[in-house]
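For the sequence shown, the working numbering begins at 63 and goes up steadily by one. All residues carry an ideal CB built from backbone N, CA and C; glycine is no exception. As the structure is a prediction and not an experimental result, all values here were calculated from the model. Report on one structure; see the data block that follows.
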Amino acid sequence: DASDIEKGTYDHFMLKEIDEQPIVIRNIIQKYQHEDGSTRLDADIRAAMQQADRIYVIAAGTSYHAGLVGKQLLEQVANKPTEVHIASEFLYNMPLLSQNPLFVFISQSGETADSRGVLVDVKKKGHRTLTITNVPGSTLSREADFTLHTFAGPEIAVASTKAYTAQMAVLTLLAVDTAYAAGRTLDFDPIQELGIAANAMEALCNQKDEFEKIARDYLSVTRNAFFIGRASDYYVALEGALKLKEISYIQAEGFAGGELKHGTIALIEDGTPVIALATNEHVNLSIRGNVQEVVSRGAAAVIISMEGLDQEGDAVVLPRVHESIAPLVSVIPTQLIAYYAALHRGCDVDKPRNLAKSVTVE
Ligand code: AGP
Numbered sequence: 063d064a065s066d067i068e069k070g071t072y073d074h075f076m077l078k079e080i081d082e083q084p085i086v087i088r089n090i091i092q093k094y095q096h097e098d099g100s101t102r103l104d105a106d107i108r109a110a111m112q113q114a115d116r117i118y119v120i121a122a123g124t125s126y127h128a129g130l131v132g133k134q135l136l137e138q139v140a141n142k143p144t145e146v147h148i149a150s151e152f153l154y155n156m157p158l159l160s161q162n163p164l165f166v167f168i169s170q171s172g173e174t175a176d177s178r179g180v181l182v183d184v185k186k187k188g189h190r191t192l193t194i195t196n197v198p199g200s201t202l203s204r205e206a207d208f209t210l211h212t213f214a215g216p217e218i219a220v221a222s223t224k225a226y227t228a229q230m231a232v233l234t235l236l237a238v239d240t241a242y243a244a245g246r247t248l249d250f251d252p253i254q255e256l257g258i259a260a261n262a263m264e265a266l267c268n269q270k271d272e273f274e275k276i277a278r279d280y281l282s283v284t285r286n287a288f289f290i291g292r293a294s295d296y297y298v299a300l301e302g303a304l305k306l307k308e309i310s311y312i313q314a315e316g317f318a319g320g321e322l323k324h325g326t327i328a329l330i331e332d333g334t335p336v337i338a339l340a341t342n343e344h345v346n347l348s349i350r351g352n353v354q355e356v357v358s359r360g361a362a363a364v365i366i367s368m369e370g371l372d373q374e375g376d377a378v379v380l381p382r383v384h385e386s387i388a389p390l391v392s393v394i395p396t397q398l399i400a401y402y403a404a405l406h407r408g409c410d411v412d413k414p415r416n417l418a419k420s421v422t423v424e
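Right, dumping it as structure tokens:
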């Protein structure tokens with residue numbers, strides 16, 4: 063059938079979509095940057111960002127995890143106070159809103175009912191809305207005031223991969239545009255760094271054997287696994303755990319490195335896999351301390367670090383990229399490890415049980 067043709071030489075859409083990520087990022091740069099280096103965003107979106115005194119990001123699942131990284135970018139690059147909320151909780155637990163909020167919905171499908179519930183509500187209250195989506199004709203796109211397209215191409219696998227990195231790339235562009243429009247000068251060029259990240263992603267996609275081996279050695283029989291990280295590595299830990307659990311059915315949890323000792327470390331036994339993300343320079347010593355804590359209790363640690371921060375014995379050393387966009391790169395090993403773990407355990411990688419590609423019920 064048609065879906066077999068689209069898969070080409072790949073056994074699964076997920077692997078194909080993982081491999082497409084470097085191209086997707088380069089494509090996004092092209093779509094959103096003029097030849098002279100300036101950003102190409104609708105004047106209306108630019109104005110809405112300038113007028114907003116606070117950004118409220120609303121999303122679910124993987125898109126929520128992209129939002130967490132987006133908050134860091136919007137605050138650090140664009141100096142915009144930003145909050146990130148899980149769509150299904152927002153209406154029950156609404157924060158006090160600022161004077162001029164802008165609501166940013168992040169949704170691959172643009173059809174997620176939980177996010178739409180919030181959109182309908184805040185629109186009724188007269189607030190401005192922007193949807194970042196992979197499907198421009200989708201409900202969330204049509205109903206919001208503005209849309210930013212993630213240009214990732216159709217994502218078929220239930221487990222989101224290229225849509226997630228595309229969302230973070232578009233959030234980077236949005237942050238840069240907002241910064242420049244406000245006359246800020248940046249001490250690095252985030253768009254150039256995105257290009258460097260795309261190359262790093264490509265290098266990692268060419269090292270699949272390594273990730274297959276990690277999956278085989280650490281995850282083929284285990285019942286559970288932990289992902290830990292600090293700062294933005296923590297957000298990737300959350301995403302890595304979600305990806306692993308949804309396709310391999312291994313009970314996986316993402317934790318802030320320092321939080322484990324407040325309870326969860328009780329679960330560490332002999333051989334419990336702990337995947338530690340260690341790409342953030344300012345927390346490198348602390349996360350390595352956390353790894354020591356779990357290893358001394360028997361954990362089998364897999365450290366994903368970055369050139370310049372690496373130590374002997376690290377399982378994966380990522381090419382050096384700028385800290386603010388490191389999640390685009392550090393997530394690749396976690397996607398591939400999840401893919402191979404699911405494959406080794408005989409799971410239906412593209413269509414995991416109990417899950418739908420877009421969740422259109424509340
Ligand atoms: C990701 O792998 C999941 N399948 C899921 O968490 C997804 O990201 C979530 O349902 C949100 O979907 P959306 O981006 O289409 O709104």
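Going by beta carbons, ILE349 and PHE289 fall outside the 8 Å limit. Linking ALA237 to LYS419 through their CA atoms gives a straight-line distance of about 28 Å. Looking at the DSSP output, LEU210 sits in a beta bridge with ILE194. Looking at the DSSP output, MET368 sits in a beta bridge with LEU380. Residue range 346 to 357 is occupied by the alpha helix (DSSP H) that includes ILE349, with no beta strand (DSSP E) assigned at that position. Distance from the C-beta of SER160 to the nearest heavy atom of the ligand AGP is not below 7 Å.
Rounded to whole angstroms, the separation of the alpha carbons of ASP115 and ALA140 is 12 Å.
DSSP lists VAL336 as the bridge partner or partners of ALA363.
For the pair of segments examined, the stretch 166 to 180 was found not to touch the stretch 90 to 104: the number of CB pairs separated by less than 8 Å stays below three. Boundaries of the beta strand (DSSP E) harbouring ILE148: 144 to 148, taken from the DSSP string. Counting the other CB atoms within 10 Å of its CB gives HIS127 a total of 16 or more, which places it among the buried residues. The stretch 357 to 369 and the stretch 239 to 254 do not touch, with fewer than 3 CB-CB distances between them shorter than 8 Å. Shortest gap from the CB of THR240 to any heavy atom of the ligand AGP: 7 Å or more. One thing to note: GLN83 has its Cβ no nearer than 8 Å to the Cβ of MET368. Residue side-chain check: GLU308 places its Cβ nearer than 7 Å to a non-hydrogen atom of the ligand AGP.
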